[in-house]
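Just below is one structure, and these are the notes that go with it.
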Amino acid sequence: MAKKAGNKPNGSMTDPTPALTPVEVAAMSVCARHGNKPDELLEIFHELQHQLGYVPDATLPVIAKALNRSRAEIYGVLTFYHEYKRHPVGKHVIKICRAEACQSMGTDTLCRHAEQSLKTKLGDTTADGMVTIEQVFCLGNCALSPAVMVGETLYGKVDPKRFDEIIGSLEKEAAE
Amino acid sequence: MIRVFVPRDAAALSVGADEVAAVIASEAKKRNLDIQIVRNGSRGMLYLEPLVEVEMPKARVAYGPVAASDVAGLFDAGFLEGKPHALAHGATEEISYFKTQERLTFARCGITDPLSIEDYRAHGGFAGLAKALQMKPIDIVTEVTTSGLRGRGGAGFPTGIKWKTVHDLPAGEKYVACNADEGDSGTFADRMLMEGDPFCLIEGMTIAAVAGGAQKGYIYVRSEYPHAVKVLREAIEIAKKANWLGDNIQGTKYSFELFVRMGAGAYICGEETSMLESIEGKRGIVRYKPPIPAIEGLFGKPTIINNVMSFAAVPIIIDKGGEFYRDYGVGRSRGTLAFQLAGNIKQGGLVEKAFGVTTRQLIEDWGGGTATGRPVRAVQVGGPLGAYIPESKFDVPMDYEEFAKVDAMVGHGGLVVFDDTVDMAKQARFAMEFCAIESCGKCTPCRIGSTRGVEVIDRIIADVDREKNLALLEDLCVTMTDGSLCAMGGLTPFPVMSALRGFPEDFHKPSPDRFLADAAE
Chain A
-1 MAKKAGNKPN GSMTDPTPAL TPVEVAAMSV CARHGNKPDE LLEIFHELQH
49 QLGYVPDATL PVIAKALNRS RAEIYGVLTF YHEYKRHPVG KHVIKICRAE
99 ACQSMGTDTL CRHAEQSLKT KLGDTTADGM VTIEQVFCLG NCALSPAVMV
149 GETLYGKVDP KRFDEIIGSL EKEAAE
Chain B
5 MIRVFVPRDA AALSVGADEV AAVIASEAKK RNLDIQIVRN GSRGMLYLEP
55 LVEVEMPKAR VAYGPVAASD VAGLFDAGFL EGKPHALAHG ATEEISYFKT
105 QERLTFARCG ITDPLSIEDY RAHGGFAGLA KALQMKPIDI VTEVTTSGLR
155 GRGGAGFPTG IKWKTVHDLP AGEKYVACNA DEGDSGTFAD RMLMEGDPFC
205 LIEGMTIAAV AGGAQKGYIY VRSEYPHAVK VLREAIEIAK KANWLGDNIQ
255 GTKYSFELFV RMGAGAYICG EETSMLESIE GKRGIVRYKP PIPAIEGLFG
305 KPTIINNVMS FAAVPIIIDK GGEFYRDYGV GRSRGTLAFQ LAGNIKQGGL
355 VEKAFGVTTR QLIEDWGGGT ATGRPVRAVQ VGGPLGAYIP ESKFDVPMDY
405 EEFAKVDAMV GHGGLVVFDD TVDMAKQARF AMEFCAIESC GKCTPCRIGS
455 TRGVEVIDRI IADVDREKNL ALLEDLCVTM TDGSLCAMGG LTPFPVMSAL
505 RGFPEDFHKP SPDRFLADAA E
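Protein chains in written order, with the working numbering: chain A, -1 to 174; chain B, 5 to 525.
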C-alpha cells in the first residue's frame, strides 16, 4: 500500500477520475458529518436538500460509496419519500394540506384557487421560479383548517383571500 | 414583573402568535411596563388561539383570539391587571371547555414553559422517573399493565404486554422507539405534547428504557412538524445536562441515550415496522410479522415501540400508580384519551377526557357544532383509516370495543367533522386515492386494490353498471381487509364501506358527472 501510494503522489498524475463537482463534494461532506452511517440516510438527504434545494442525482453514487450501499438502494430510498425533491424547486415551497380535516373546510377550493392564481399545477413551479405548490396530507393543524405551510412557517384558516396575502408577502419580501 | 403567556405551539403560530408576542413586547416597552413574556405550549383551546394569558395573583386570565391589531386595545383596557375586554374569557382554568376536561397526560401542557426543566419539575415532572429508577424493572411493567394503558396510536394493544415481552428477553442491545409520525388527518395531540411538554415524552421513554433494559431510544417525528423537532432536540440537550438522560441517570446504574429522527413525508412510516425501516435509513416498507418488533425490532433487536401519547401517559401512571389511571374510563378502555376536535368545527381543539364520552358530547358540548353553522352530517373518527359515522351513531361511547361493535374505531381519538355539504362518495374515493398514493407497495391488495378502488368508485359515481360495481367494491374491500399486510390496506375499507353503508344516497345520485366535472376543473 505504502509503495503504491508513493508511486502516485496525491493520485493526481495518473488517476483518471475527474475532479469532484461542488455538488459531489457537498454530498461527501454531509455523509462524513453523519459518520457515513447508513442509518442516517434520511438525515443526509434532509441536509442536502436544505443546502441545495433538492437532491441531485449526481450525489447518489457519492452517497452510495460513502455509506457502503448500492446505488439502487440509495435511489430507492430517495424516491420512496414524498418530501425529497430530485429536481430544483421554486424559491418558496408551499404545501397545501389536502387531507380530510382540510377538505371539510374547503381545501379543494383553495387548491383550485392556488393553481389558477399562480398559473401552475400542484406539484409544479411558477414560471418565474418563485413558488412551488404541492399537496401534502396533514400538517397537524386540523382544528384551524385549511392549513398551509410555506418553508417551515405554518398558516391556519387559509381561505383564498389569506392565501393571496401570503403570496403577496412573499412577493414583497422578494422585492425588498 | 407581570408574566404574560403567548403560546409557541405551531397551531398558535399559524394564526399569528409570534407577531402578537412581538407587538406585546414592543407595546410594553413603549409604555414603560415591566413584563416577561413566556412562550408556553397550547392549552388546547385552538379556536381561541393565539390565547394570551396574564398571570394574576390567584389565576391566569385569558384573552383570545388575539390579533396583533388588538394588542394596543388590550393594554388600554388594562389587560395586565386582568381587566375586562371584548376578548377576555376570565380565568383560563374556569373556561368550561377546559374546566370540564380530565387532564392527566396534558396536565402541564400550556401551563409551563416547555423548555424549562425547573418549571417541569415544579409541576410534578420527573416524579415518575425518579420513582421508576428505584423500582425493579418488572414492577414498572406490572404498574403499566395494571393501569390498563393501551396503545394510543390507534391499535389499542396493551402497553404492558409489549413492555413485558422486551423485559423478559435476555439483557443486551435493546431499543425504545417512539412513533411520532402523526400522519392521520384530524390528529395533533402528539404535536401539541412534543411542543408543549417535551420532557413528559422524554420521561415516559426513559421509564420504558429502564423497564425494558434498553440503552438507546429514537423519536421518529414527521417532517411536517419542524417545530416539534426543534423543541425535542433542545429538550433532549437540556435533559442530558440535568442528567435525566445520558449516562448513569441521577446517579443510578441506568443509562439512556435519545435521538430524534425526522421522517420524510411518507404516511406509511406511521406503521411500526415501516417506521423501523425508516429509522434504519431504508425505504419505509412494511415488514412481515412475526417476528414482532418487541422481539426483533430496530436493527433486529428487541424494541419497545409506542406512540407519543402512550409514552406520555406513563410518568403519571408510575407516579400515582396504575390503579389511579385505571380508575378513569369504561370497560376495557382505561384512562383518558386526548380527543382532537378538527375539521368543520366551531370550537376545535384538544379535549382530554376519560373513555366513555360520546361523539355527540364532544362535537356539541365542546365543539359547539360546525364552523359553518350547518348541520353535522358525518364525523370521521380515528384518522383517514377510520370510519365515517352518521348521526345515528353519535351516542356510542368512546370505547375501543363499543366502537368496534358498530364497525368503527376510536383510533388516536381524532374527530373530523363534516357538515351537510359533504359528498360521501367523494370521501370514499379519496380514501382509496390516499391509499394508492401512500401504500408502500409491498402487498398486492393494498398496492393494486387501492387503485382499482378509485376506478370502481368512479364508475359508481358515473352510474356505469352501478349495482355490479357496488358489489365489486364490497368484494374488493373484503380482499383488502383480509389480504393486506398492515393497517394501511387493511383499514382503508373502513372509511369506504362506512361511507357506503351510512350514506348510500350519495352513491346513488342521479347526476352522473358531478365528480368527473369536479375532477376536470
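Note that CB positions come from ideal geometry on N, CA and C, so glycine has one too.
Boundaries (first-last residue) of the alpha helix (DSSP H) holding M128 of chain A: No alpha helix (DSSP H) holds M128 of chain A; DSSP gives it neither H nor E.
Residues bridged to N311 of chain B (per DSSP): B:N183
Interfacial residues, the region 249 to 283 of chain B to chain A, with Cβ spacing under 8 Å: R265, M266, G267, A268, G269, A270, Y271, S282 and I283
F507 of chain B at chain A interface by Cβ criterion, 8 Å: no
Alpha carbon of G200 of chain B to alpha carbon of A243 of chain B, nearest angstrom: 15 Å
CB contact check: P7 of chain A to chain B, cutoff 8 Å: Residue confidence for P7 of chain A is low, a pLDDT of 48 falling below 50, so the modelled location carries little weight; the figure read from the coordinates is stated next. Chain B, which has no Cβ nearer than 8 Å to the Cβ of P7 of chain A, makes this no.
Contact the region 109 to 123 of chain B vs the region 31 to 51 of chain B: 3+ CB pairs below 8 Å: yes
DSSP bridge partner residues for K93 of chain A (one or two, in chain order): A:E132 and A:M147
Three-state secondary structure assigned by DSSP to T210 of chain B: helix
Closest Cα partner of A14 of chain B within the set B:L366, B:D469 and B:V233: B:V233
Contact set for Y329 of chain B: own chain, Cβ-Cβ below 6 Å, skip 5 residues either direction: S151, I321 and G339
Range of the contiguous beta strand (DSSP E) that encloses E356 of chain B: G353 to A358
Cross-chain neighbours of S27 of chain A in chain B, by beta carbon under 9 Å: The premise fails here: S27 of chain A is roughly 18 Å from chain B at the closest Cβ pair, so nothing lies under 9 Å.
Reduced DSSP category for A375 of chain B - H, G, I as helix; E, B as strand; rest coil: coil
Min CB distance N44 of chain B to chain A below 8 Å: no
Contact residues within the region 339 to 358 of chain B, judged by C-beta distance below 9 Å to chain A: Q344, L345, A346, G347, N348, I349, Q351, G352, G353 and L354
Where the alpha helix (DSSP H) through D423 of chain B begins and ends: Counting along the chain, D423 of chain B falls outside any alpha helix (DSSP H), though it belongs to the beta strand (DSSP E) covering G418 to D423.
Against chain A: residues of the region 227 to 250 of chain B by CB proximity under 7 Å: S227, E228, Y229 and P230
Between the CA atoms of E356 of chain B and G335 of chain B - distance to the nearest angstrom: 18 Å
Residues of the region 121 to 146 of chain A with Cβ closer than 8 Å to any Cβ of chain B, in chain order: V134, F135, C136, L137, G138, N139, C140, A141, L142, S143 and A145
Test: T166 of chain A CB closer than 8 Å to a CB of chain B: It is worth fixing the name first, because residue 166 of chain A is Gly in this sequence and not Thr. Answer no: the Cβ-Cβ gap between G166 of chain A and chain B never drops below 8 Å.
Residue of A:E113, A:K89 and A:A97 minimising C-alpha distance to G149 of chain A: A:K89
Residue-chain proximity (L108 of chain B, chain A), Cβ-Cβ < 8 Å: no
Residue ranges of each alpha helix (DSSP H) within the region 19 to 103 of chain B, 4 or longer: 21 to 34, 75 to 81 and 100 to 103
T256 of chain B burial status per 10 Å Cβ neighbour count (16 or more: buried): exposed
Neighbour flag for A391 of chain B against chain A, beta carbons, 8 Å: no
E405 of chain B, enclosing beta strand (DSSP E) - first and last residue: Unbroken run through E405 of chain B is the alpha helix (DSSP H), Y404 to K409; no beta strand (DSSP E).
Given 8 Å, three or more beta-carbon pairs between the region 48 to 62 of chain A and the region 98 to 108 of chain A: no
Cβ pair G190 of chain B, C95 of chain A closer than 8 Å: no
Beta bridge counterpart(s) of Y229 of chain B as assigned by DSSP: Beta-bridge pairing links Y229 of chain B to no other residue.
Sequence-distant residues of the same chain with beta carbon closer than 6 Å to T362 of chain B, five excluded per side: D399 and P401
Pair within 8 Å by beta-carbon distance, T210 of chain B and I253 of chain B: yes
F260 of chain B versus B:A408, B:I41, B:R35 and B:V214, residue with shortest Cα-Cα distance: B:V214
Proximity winner among B:V27, B:Y51 and B:D38, relative to V16 of chain B (alpha-carbon distances): Note that residue 16 of chain B is Ala in the sequence shown, not Val. The residue with the shortest Cα to Cα distance from A16 of chain B is B:Y51.
Neighbour flag for V60 of chain A against chain B, beta carbons, 8 Å: no
Given K155 of chain A as reference, the closest of B:T374, B:S18 and B:L474 once Cα atoms are compared: B:S18
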